[in-house]
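To start, the structure itself, in structure tokens.
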Amino acid sequence: MRSDAGIDEGHLIAGHYRLVSKIGSGAMGVVWRARDERLDRMVAVKQLLVQPGLSAEETDNARRRAMREGRIAARLQHPNAITLYDVAEHNGDPCLVMEYLPSQSLAEILADRGPLPPREVAAIGAQIAAALSAAHTVGITHRDIKPGNVLITDSGVAKITDFGISRAVGDVQVTRTGMLAGTPAYFAPEVARGNDIGGPTSDVFSLGATLYDAVEGQPPFGTSDNPLALLHAAAAGEVIPPRQAGPLTALLMTMLRRDPRERPNMAQVGTALAGLAAGRAPAVPAVRAAAAAPTARTQKVDHGHTPPPRPAASYPRPAPAGTTRQKQQPVKRKRSPVLLVLLLIVVIGGGGYGVYRLIDDRPGNSAGSGSGTGGASGGSGGGSGGSSSSSASSSSPAAPTTTPPDGTVELGQAGQLVVNYFVGSDDLQNRWNMLSPGAQAGWGSRAEFDNHWKQYPRMYSNTARGAGQDPDKAWRVSIQVTYAQGRTEQRIVRVTKIGGELKIDAVVR
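Counting in UniProt numbering, the final residue of the sequence shown is number 509, and the numbers go up one at a time with none missing.
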């Protein structure tokens, strides 16, 4: 059989690597199972596959990347990382000779079995985290952690492979300016936004996303056939709360935090996963919290990089463990009505504020058009900031919004709930009650939720828009939030219905 790389089974590479059969192929090349006739052992040979039509510069870059993979992989020796044996050459192109591991990728296992039990996922993750922690110690970040790059033997040994786009400290960046390498479904938000090429904390996020996929049956941002849609979803950084993770939930949500400063390091992750795999009580690593109220000198303001609203994507319910994962079918996206929420902030006595709202639900203006229109906020939009004679601040806190009798979620009400969550009330109990059980579990504890929001006693917003509707009729609402310190962020918030009430179904930090 002749391969796409122009070589055959039985071909001899570098004088002593006899090709036996093709294992697989990808963007970087084709991988063969081969016999090392000199040492009488089976090896894996990865040959660079230069795509037709590349310029001389692009071809040279591809070859340099393959050589970099060899140099970087040679620096890492760990029982849970595929070992590099040699760098050979064939017709001027580099061939990486690596340990051959009879195994399946985690992606193949998930396709066969569907979502896995949390303890099994923890055992896999603990091994991969150990290898990545060792890589980080010697200055290497992987940058493409995903189920396809995790190999698992029949005995349960897991190894990380494919350091093709990894980066070592002091290396020159090989990818072209403006190019992102990796898999968007597992990108950390800072990588998706282009703010960072990906460091150790980005690897932590990507491992968390991989383990989330293994236990939930889909990546944390959902699925889409459109890479740009996934990139936008990753940039927004709002993770769908896990529903099947059980004891893994708190650790996963810590690894998947939007702010890289709030994630644990890989060694902490490995320790926590090993404990979960052994059946010990969940323990979330203590993480140095980001500054609660950064000064103007240290506060990072993300100007010009606000992620766009994420398009609606398919978020099917994961199949129960033991069932076969079905191939995702493209979902026809409906043109989403635009929810426009205008907020006028009026500063009042005692450091508080009132909120005036105008909601225009297009088209038809039928959903939410009568909610708080043109008047001071009250009732469900209660003000905050302490006691005041102003009606805006003396209103009772917002009660959870209920769905209409037919059970549908109206966009206007979904937007109103999101507005209330951010700026409608400083009553933490009320804000907590707006969350779905999954979102509450994603915070780890009520104390962590309270401690986070106490850092931000005042928040402002001027626009909120519908960002798409999911197949389960939940809405995604995009809202721009300005904190008192001057930092502005675009947030995408999922609102669903549970027991006849609208609930925020995302861990919104």
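The C-beta atom is built at its ideal place from N, Cα and C for all residues, glycine as well.
In this text, all values refer to a predicted model and were calculated from it rather than measured experimentally.
Under a Cβ-count criterion, where at least 16 other Cβ atoms within 10 Å of its own Cβ denotes burial, should residue 516 be classed as buried or exposed?
-> Residue 516 lies beyond the range of the chain shown here (1 to 509); nothing can be said about it.
Are Y212 and P189 closer than 8 Å when you measure CB to CB?
-> Not a contact, by the Cβ cut-off of 8 Å.
Sorted by chain position, which residues of the same chain lie with C-beta nearer than 7 Å to G499's C-beta, five sequence neighbours on each side aside?
-> Excluding residues within five positions, none has a Cβ falling inside 7 Å.
If we count the other Cβ atoms within 10 Å of its Cβ and call it buried at 16 or more, is G208 buried or exposed?
-> Answer is buried; the Cβ neighbour count reaches 16.
Compute the Euclidean distance between the alpha carbons of D112 and T482, then round it to the nearest angstrom.
-> 45 Å
Buried or exposed for K159, please, with buried defined as at least 16 other CB atoms from any protein chain shown within 10 angstroms of its CB.
-> Buried.
Report all residues from its chain with a CB closer than 7 Å to the CB of A234; omit the five preceding and five following residues, and keep chain order.
-> P184, F187, P189, A192, F221
Euclidean distance between Cα positions of A399 and Y421 | The predicted position of A399 is uncertain, since its pLDDT is 40 and thus under 50; a value taken from the coordinates is nonetheless stated next. In a straight line, the C-alpha of A399 is about 11 Å away from that of Y421.
State the Cα-Cα distance for the pair D8 and H232, rounded to the nearest angstrom.
-> 41 Å
Per-residue DSSP class, three states only, for V20 = In the structure shown, the three-state DSSP call for V20 is strand.
Alpha carbon to alpha carbon, what distance is there between I492 and K473?
-> 16 Å
Does the beta-carbon distance from N149 to T137 come in below 8 Å?
-> no
Taking only runs of the beta strand (DSSP E) that begin and end inside the stretch 66-94, which ones reach a length of at least 3 residues, in chain order?
-> 84-90
With 16 other Cβ atoms within 10 Å as the buried cut-off, status of P79 = exposed
In the structure shown, what three-state DSSP assignment does Y460 receive?
-> strand
From P437 to T496, what does the alpha carbon distance come to, in whole angstroms?
-> 11 Å
Should A278 be labelled buried (16 or more other beta-carbon atoms within 10 Å of its own) or exposed?
-> exposed
For S133, the first and last residue of its enclosing alpha helix (DSSP H) = 118-137
From R38, G24, I23, pick the residue whose C-alpha is nearest to that of Y17; which is it?
-> R38
So does the stretch 79-95 actually touch the stretch 52-70, counting three or more Cβ pairs closer than 8 Å?
-> yes
Could you give the distance in angstroms between the alpha-carbon of R263 and the alpha-carbon of L106?
-> 24 Å
Top-ranked residue by Cα proximity to A439, from Q244, Q127, V423 | Q244
Skipping 5 residues on each side, what residues in its chain have a beta carbon closer than 7 Å to that of I152?
-> Within the same chain, S103, Q104, L106, I109, I124, A158 come within 7 Å of I152 by CB-CB distance, once the 5 residues on both sides are set aside.
Under the DSSP definition of a beta bridge, which residues are partnered with K503?
-> T496
Is the beta carbon of V507 less than 8 Å from the beta carbon of V239?
-> Less than 8 Å divides the Cβ of V507 from the Cβ of V239.
Entirely within the stretch 234-265 and at least 4 residues each: give me those alpha helix (DSSP H) ranges in chain order.
-> 249-255
Would you call the CB atoms of H509 and R258 closer than 8 Å?
-> Strictly speaking, residue 509 in this sequence is Arg, with His absent from that position. A contact, by the Cβ cut-off of 8 Å.
Grab the span of the beta strand (DSSP E) containing R35 for me, first residue to last.
-> 29-36
Span separating the alpha-carbon of R71 from that of L230 = 31 Å
Return helix, strand or coil for A414, following the three-state DSSP convention.
-> helix
Tell me which same chain residues have a C-beta within less than 7 Å of the C-beta of A283, skipping the five on either side of it?
-> A272, G275
Proximity of P118 and G217 at Cβ, strictly below 8 Å = no
Span of the alpha helix (DSSP H), counted from its first residue to its last, around T201 | 200-216
Compare the C-alpha of E489 against each of E501, Y460, D470 and name the closest.
-> Y460
Taking just the CA atoms, how far does R487 sit from V419?
-> 18 Å
Is I13 buried or exposed, if buried means 16 or more other CB atoms sit within 10 Å of its CB?
-> buried
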